Structure formats: structure tokens, C-alpha cells
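Quick notes on the structure that follows.
Protein chains: 2
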Amino acid sequence: MEAQVQQIEHSPEACKASVGAVRDALYVLNGKWKLPLIVALSNGPQRFNDIQRTLVDITPKILSKELKELELNEFVERKVFSTTPVTVTYQLTAYSQSLNYVVDELRKWGVQHRERIVNSRRGA
Amino acid sequence: MEAQVQQIEHSPEACKASVGAVRDALYVLNGKWKLPLIVALSNGPQRFNDIQRTLVDITPKILSKELKELELNEFVERKVFSTTPVTVTYQLTAYSQSLNYVVDELRKWGVQHRERIVNSRRGA
DNA sequence: GATACTACTATCCAAAAGGATACTGGTATC
DNA sequence: GATACCAGTATCCTTTTGGATAGTAGTATC
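Note that the protein sequences, when read in sequence, are chains A and B. Using my numbering, read the first sequence as starting at 1 and increasing by one per residue. Using my numbering, read the second sequence as starting at 1 and increasing by one per residue.
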């Protein structure tokens, strides 16, 4: 009963540490909009109303709130141009690039998951 | 004004598709607990109260709800053993392995992000 | 002078997520 | 007979998230 404990690679401690790291990540990235927003901005700087159009069903209030949080966490930089009327752009920071792999794996997974769902519907 | 449009690699359409894929993924994985739960189970089958102890601050109600949702989405399998008292284990399915890269990137990002925060506190 | 565009903010509200606390039935232990 | 463990449920509540709708100031257009 105790002999096989040694074989286990993931120790409970390592597991707890991983849970902690994932929770740290989610603490900053959680919610419906943060990661989609980062993807939307990966095309280059965009203005408020442009982003709203890309994300389709986000309201200005939510968009404003989410952008502020992304700014606070240094994922996004806000720039104001004194054109007439004033234009404001939002763009990704260098630090946001650290999320590239995360976002890309999530995107790939989303694609295959949708395929799986569609196929299982067809089979059923 | 229109001449430079050709140079852009990420077309707005590709960008919208990526936003869609990420939103598809988040639709299933969103929330405070789903991914941490999957990580907690990556050690092998665990019983209800064991999981609760690993995740520390999850209440049984939330844990029960999250496990049901993970079961519905075929990430987790529930097994009942008619021991006395009855024991129930939860374990990851083969499909949940498709999340390995996602989870791993998120975990790595979480680790480096925490380091960054700690360092910036020290600098400030 | 009405309308529209810019980038938002304000107010109110609904729904979901999350959480505290208590409790259930069955068995086993003290 | 009291207590404790198992795997949850039940009830109530707070917080967060999200959303609908309207409105702001300034300019420009029709």
C-alpha cells in the first residue's frame, strides 16, 4: 500500500504549486473579455469604437472597464491624439507578448473543441 | 491612406476568427475553478473531500457544481465504489488531455507573472 | 438648427458566480 | 449514545459580471 508512492511523478506538493500558478494566472486573466480583447488588439492599435465593433456584443461600459483593468495590469497602453474630434487608441504592450503562447494554445484548443462539438452533434 | 492595407498580416477577418475561437474555449473553461480543478486531478483520481482539501478555499457546493459541469463537458469521470462508507472518485478523461498545452502554458505564465509582480514590488 | 461622430460616463437592473452555514443519511468508532 | 467521516444538498446571502438605455462635450456636417 505504501510501496508505490515513490513511482508517482507529480507529487501532491508539485500539484498544489501548479494549482497556485494557474490560479495566479486566472486572477488576472479571468472573465469573459480580457483574453478576447487582447486577441482583438493583436492586429495593432485600435480605437474604442473599432474594438466595440470587433467584439460585437460588448457594451461601452464593459469595454471601458475591461480596458482600464488591462491598462492597470500593463497589457494595454492608451494613447490620446488631439485630433478633432479627439481619437484614442489602445495597443498591446511588450509585456502582453508574454501571453502569446497562452493565447495561441487557447485559440487552437477552441478551434478543435468546436469541431469536436459539431462532429458529436452530427453523430448523434 | 489605402496603400498600406496590403502589408498587414493579420487580416481583420482572421482576427475575428481568433477572437471567436478564444471565446469558444473560454465558454467552457471560464470561471475561477475549472482549470485549477483539472490541475488538481492531474495527479490521478481523487475523492470529493480530497479535492476540497487540495483547493483549500472551495466550498462543497461550488465544488459539486464545478465537477458536474466538468463531467458534462467530458473532462472528468465520476466513479462510485460501494465500499463502506461509499467512496466516489473523480478522474480526468482522455479528452481532458487535449488541454495539456493550454494548462501548461497558463501555469508557466502564472509562475513568471508572479515573479514579475514580486520583483516590481521590490523595485518600488 | 438637427443630426452624427468621437469616447466615453451614469443609472439602473438582471443574472451568474461565489460563499457561509447548516444539514442529510448511512456507517463506524469511541 | 455521542461523535466523526463520507459525499454531498439546501438555504440564504453577497459580490461580481454583464447588459440596456440614455446621456455627456465638442466639433462637423447637412
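All C-beta atoms, glycine included, are put in the ideal place defined by N, C-alpha and C. Computed from a predicted model, the values in this text were never measured in an experiment.
Are the C-beta of residue i and some C-beta of chain B separated by less than 9 Å?
{"i": "N68 (chain A)", "result": "One detail in the question is off: residue 68 (chain A) reads as Lys in this sequence, not Asn. Chain B, which has no Cβ nearer than 9 Å to the Cβ of K68 (chain A), makes this no."}
{"i": "V76 (chain A)", "result": "no"}
{"i": "P12 (chain A)", "result": "yes"}
{"i": "S42 (chain A)", "result": "yes"}
{"i": "S98 (chain A)", "result": "yes"}
{"i": "E71 (chain A)", "result": "no"}
{"i": "Q112 (chain A)", "result": "yes"}
{"i": "T93 (chain A)", "result": "no"}
{"i": "L30 (chain A)", "result": "Here residue 30 (chain A) is Asn; the residue named in the question, Leu, does not match the sequence. Output row for N30 (chain A): interface = yes."}
When you compare the CB of residue i with every CB in chain A, is at least one pair closer than 9 Å?
{"i": "R23 (chain B)", "result": "yes"}
{"i": "P85 (chain B)", "result": "no"}
{"i": "G123 (chain B)", "result": "no"}
{"i": "K65 (chain B)", "result": "no"}
{"i": "Y101 (chain B)", "result": "yes"}
{"i": "R47 (chain B)", "result": "no"}
{"i": "P60 (chain B)", "result": "no"}
{"i": "T89 (chain B)", "result": "no"}
{"i": "V39 (chain B)", "result": "yes"}
{"i": "S18 (chain B)", "result": "yes"}
{"i": "K79 (chain B)", "result": "no"}
Closer than 7 Å by C-beta to residue i: which residues in its own chain qualify, once you throw out the five before and the five after it? Chain order, please.
{"i": "L106 (chain B)", "result": "L35"}
{"i": "V103 (chain B)", "result": "L35, I38 and V39"}
{"i": "E74 (chain A)", "result": "T93 and Y95"}
{"i": "S98 (chain B)", "result": "none"}
{"i": "Q52 (chain A)", "result": "I58, P60 and L63"}
{"i": "S120 (chain B)", "result": "none"}
For a test of the three-state rule: what should DSSP assign to residue i, helix, strand or coil?
{"i": "V88 (chain A)", "result": "strand"}
{"i": "A94 (chain A)", "result": "coil"}
{"i": "A21 (chain A)", "result": "helix"}
{"i": "A14 (chain B)", "result": "helix"}
For residue i, I'd like the list of residues in its chain whose CB is within less than 6 Å of its CB, leaving aside the five on either flank, ordered along the chain.
{"i": "V118 (chain A)", "result": "none"}
{"i": "V5 (chain B)", "result": "Confidence is the limiting factor: at V5 (chain B) the pLDDT is only 36, short of 50, which leaves the residue's position unreliable and the question unanswerable from this model."}
{"i": "V86 (chain A)", "result": "none"}
{"i": "R116 (chain B)", "result": "none"}
{"i": "S18 (chain B)", "result": "none"}
Counting only the same chain and skipping the five closest in sequence on each side, list residues whose C-beta sits under 8 Å from that of residue i.
{"i": "V88 (chain B)", "result": "R47, F48, R78, K79, V80 and F81"}
{"i": "C15 (chain A)", "result": "none"}
{"i": "V22 (chain A)", "result": "none"}
Would you say residue i touches the ligand GTP, meaning its beta carbon is less than 8 Å from a heavy atom?
{"i": "F48 (chain A)", "result": "This structure does not include the ligand GTP; it has no bound ligands of any sort."}
ask   = Below 8 Å, can you find three or more Cβ-Cβ pairs linking the region 62–76 of chain B to the region 15–27 of chain B?
value = no
Contained beta strand (DSSP E) runs [length at least 3] in the region 25–82 of chain A, N- to C-terminal order = 76–81
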